[in-house]
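Quick notes on the structure that follows.
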Amino acid sequence: MIKLLDCTLRDGGYINDWMFGRRAIDEITKKLVDSNIDIIELGFLKDEQEDHNRTVFNSVKRLIPLIGKKKPGTLYAAMIDVQGRIPIEMIDPCTPETIDIIRVIVWKRLLSQDFEYCKKIVENGYKLFIQPARVDQYTDEEFINMIHQFEVLTPMAMYIVDSWGTLTIEKAMHYYKLMEANLNKQILIGYHGHNNMQQAFGIAEALICNKGDRDLIIDSSIYGIGRGAGNLNTEIIANYLNTNFNYKYDVENIISLYDNYIKDIYDKFSWGYSIPLLITAINHCNPEYGIYCEKNGLSEMQTLEVINQLNGGNKIRFNKELIKKIVDSIKRNK
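Numbering (my numbering), first residue to last: 4 to 337.
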């Protein structure tokens, strides 16, 4: 079994600051349900002021009007990043009317405290998805230990998260095999990819064709809307599953959402593959550096020069002061 999770309203928000507009939010949600998408991610849960035009919510109760009457078989999700976590006290217990799933981004350096936070989410009655950011930073031993640490919570799914689009098919399959061998069979394996090296569809296809008897969840978004080079396209992976495995996703409905809502966002902000984002992926570097160089008018070779000056933690955590200093120096000397 393969399930599609559409993350348009959450990952897509990195493009437009989650300002989709209420009508678009309602229509995207409704039409994704009508398109038979299995899991719909409605946005982020964060402790910040709410705007009904944005897909950032400070309470699960705020999501109930958006969900409406649930269609049997459709699940609804929201995401929490533990780096800026919403206090657990602000997360009301799960009810039949609320979201079904909370996806939690966990960070290698914070796994112990992330575990305690995730435990409380399960105690509140939600299905839990574990999203380990940047799986490429884990050694095999560290990855296996992380699996065993979190599987005791019996999450619904544990993910291979390619945060910066650095994984090759071979590397993604390596992490999949580690999960397949070490993760409880009842827990689904998920894949969340980015297209910095144009690998998202190839990896998804490889996972689907080599999944064995494991159940998979594949993340995607309409026209790939998402951070950096964007995500796997919902319309492409849905059509692939329809054509090759007789799934029944309504691709025309998904295309209509692009036509009515996503195209205007693309025309205003744009996203997708670029050489600066490829450079950051090749160098296992935060893609925000590539975006910064692009916005500041640097050539591709100048961008490469910038990235080559980064090392250690500065490659991982975006340092705006440092990148500005390097870019200004290159501009003065060109």
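Note that the Cβ used here is the ideal one computed from N, Cα and C, for glycine as well.
Applying the criterion that 16 or more other CB atoms from any shown protein chain within 10 Å of the CB defines a buried residue, is Asp20 buried or exposed?
Numbered from its first residue, the sequence shown carries residue 20 at position 17. Taking all protein chains shown into account, Asp20 has fewer than 16 neighbouring C-beta atoms within 10 Å of its C-beta and is therefore exposed.
With respect to the beta strand (DSSP E) encompassing Lys6, which residues constitute its N-terminal and C-terminal limits?
Residue numbering aside, residue 6 sits at position 3 when the sequence shown is read from its first letter. Per DSSP, Lys6 belongs to the beta strand (DSSP E) from 5-9.
Which word fits Asp117, buried or exposed, when buried means at least 16 other C-beta atoms lie within 10 angstroms of its C-beta?
Along the sequence shown, read from residue 1 onward, the residue named residue 117 stands at position 114. Classification for Asp117: buried.
My guess is that Asn181 and Ile206 are in contact by the Cβ rule of under 8 Å, so how many angstroms apart are they, rounded?
On the sequence shown, position 178 is the one that residue 181 refers to. On the sequence shown, position 203 is the one that residue 206 refers to. At residue 181 the sequence reads Leu, which differs from the Asn that was named. Not a contact, Cβ separation roughly 15 Å.
Cβ-based burial, Thr246 [other Cβ within 10 Å; buried from 16]
Here residue 246 refers to the residue found at position 243 of the sequence shown. With fewer than 16 other Cβ atoms within 10 Å, it is exposed.
Going by other Cβ atoms of all chains shown within 10 Å of its Cβ, with 16 needed for buried, is His197 buried or exposed?
Counted from its first residue, the sequence shown places residue 197 at position 194. Burial call: buried.
Rounded to the nearest angstrom, how far is the Cβ of Lys64 from that of Asp37, given a contact under 8 Å?
Residue numbering aside, residue 64 sits at position 61 when the sequence shown is read from its first letter. Residue numbering aside, residue 37 sits at position 34 when the sequence shown is read from its first letter. Incorrect: roughly 25 Å between the Cβ atoms, too far for contact.
The beta strand (DSSP E) spanning Tyr276 covers which residue range?
Indexing the sequence shown from 1 puts residue 276 at position 273. First-last for Tyr276: undefined, no H or E at that position.
Starting from Lys130, trace the beta strand (DSSP E) both ways and give me its first and last residue.
Numbered from 1 along the sequence shown, position 127 holds the residue referred to as residue 130. First-last of the beta strand (DSSP E) with Lys130: 130-135.
Coarse secondary structure for Tyr226, derived from DSSP in three states:
Translated into positions along the sequence shown, residue 226 becomes position 223. Helix, per DSSP.
Which runs of the beta strand (DSSP E), 3 residues or longer, sit entirely within the region 123-191?
Within the region 123-191, the complete beta strand (DSSP E) runs of at least 3 residues are 130-135, 160-164.
Range of the contiguous beta strand (DSSP E) that encloses Gly46:
Position 43 of the sequence shown, counting from 1, holds the residue named residue 46. Run containing Gly46: 42-48, per the beta strand (DSSP E) assignment.
Here's a check: name, in chain order, each residue in its chain whose Cβ is nearer than 7 Å to the Cβ of Tyr250, leaving out the five neighbours to either side.
On the sequence shown, residue 250 is found 247 positions in, with the first residue counted as 1. Cβ within range, chain order: Leu244.
Locate the beta strand (DSSP E) running through Ala81, then write down its first and last residues.
Position 78 of the sequence shown, counting from 1, holds the residue named residue 81. From DSSP, the beta strand (DSSP E) with Ala81 extends over 78-84.
Just the C-alpha distance for Pro155 and Lys49, rounded to the nearest angstrom, thanks.
As a position in the sequence shown, residue 155 is number 152, starting the count at 1. As a position in the sequence shown, residue 49 is number 46, starting the count at 1. First, the amino acid is wrong: residue 155 is Val here, not Pro. Each residue's alpha carbon lies about 26 Å from the other.
Quick one: what does DSSP say Asn263 is sitting in, helix, strand or coil?
Within the sequence shown, the letter at position 260 stands for residue 263. Looking at Asn263 - three-state DSSP - the assignment turns out to be helix.
So, is Pro99 buried or exposed, given that buried needs 16 or more other C-beta atoms within 10 angstroms?
If you number the sequence shown from 1, residue 99 lands on position 96. It counts as exposed.
Range of the contiguous alpha helix (DSSP H) that encloses Ile31
Looking up residue 31 in the sequence shown gives position 28. 25-37 is the extent of the alpha helix (DSSP H) around Ile31.
The beta strand (DSSP E) with Ile102 in it runs from where to where?
One-based indexing of the sequence shown puts residue 102 at position 99. Looking at the DSSP string, Ile102 is not in any beta strand (DSSP E), and its letter there is neither H nor E.
If you count every other CB in all the chains shown that lies within 10 Å of the CB of Lys130, and 16 or more means buried, which is it?
What you label residue 130 is simply residue 127 of the sequence shown in a count that begins at 1. Its Cβ being crowded by 16 or more others within 10 Å, Lys130 is buried.
Is the region 315-323 close to the region 256-270, with three or more CB pairs under 8 Å?
By the Cβ criterion, the region 315-323 is not in contact with the region 256-270, since fewer than three pairs of Cβ atoms, one from each stretch, lie closer than 8 Å.
By DSSP, does Gly300 sit in helix, in strand, or in coil?
As a position in the sequence shown, residue 300 is number 297, starting the count at 1. DSSP places Gly300 in coil when its eight states are reduced to three.
Any idea if Phe47 is buried or exposed, counting beta-carbon neighbours within 10 angstroms, 16 or more meaning buried?
Numbered from its first residue, the sequence shown carries residue 47 at position 44. Classification of Phe47: buried, given that the 10 Å Cβ count is 16 or more.
Keeping to the same chain, check which residues put their C-beta closer than 8 Å to that of Leu8; ignore five residues upstream and five downstream.
Mapped onto the sequence shown, residue 8 falls at position 5. Excluding sequence neighbours, Leu8 sits near Ile40, Asp41, Ile42, Ile43, Glu44, Ala80, Gly193, Ile220, Ile221, Asp222, Ser223.
Output needed for Ile265: all residues of its chain with C-beta closer than 7 Å, excluding positions within five of it in sequence on either side, in chain order.
Taking the first residue of the sequence shown as 1, we reach residue 265 at position 262. Ile225, Tyr226, Ile228.
Can you list, in chain order, the residues of its chain whose CB lies under 7 Å from that of Gly87, leaving out five sequence neighbours each side?
Within the sequence shown, numbered from 1, the residue matching residue 87 stands at position 84. So the list reads Lys49, once near-sequence residues are dropped.
Whose CA, out of Glu53, Lys33, Thr11, Ser62, lies closest to the CA of Gly71?
Sequence index remark: in the sequence shown, residue 71 carries index 68 (1-based). The option with the nearest alpha carbon to Gly71 is Lys33.
Can you tell me which of the three DSSP states Leu235 falls into?
Along the sequence shown, read from residue 1 onward, the residue named residue 235 stands at position 232. Note: Leu235 maps to coil in three-state DSSP.
Leaving out five residues on either side along the sequence, give the residues of the same chain with a beta carbon under 8 Å from the beta carbon of Ile190.
As a working note, residue 190 is residue 187 in the sequence shown. If we look at Ile190 and ignore the five residues flanking it on each side, its Cβ neighbours are Glu154, Thr157, Pro158, Met159, Ala160, Met161.
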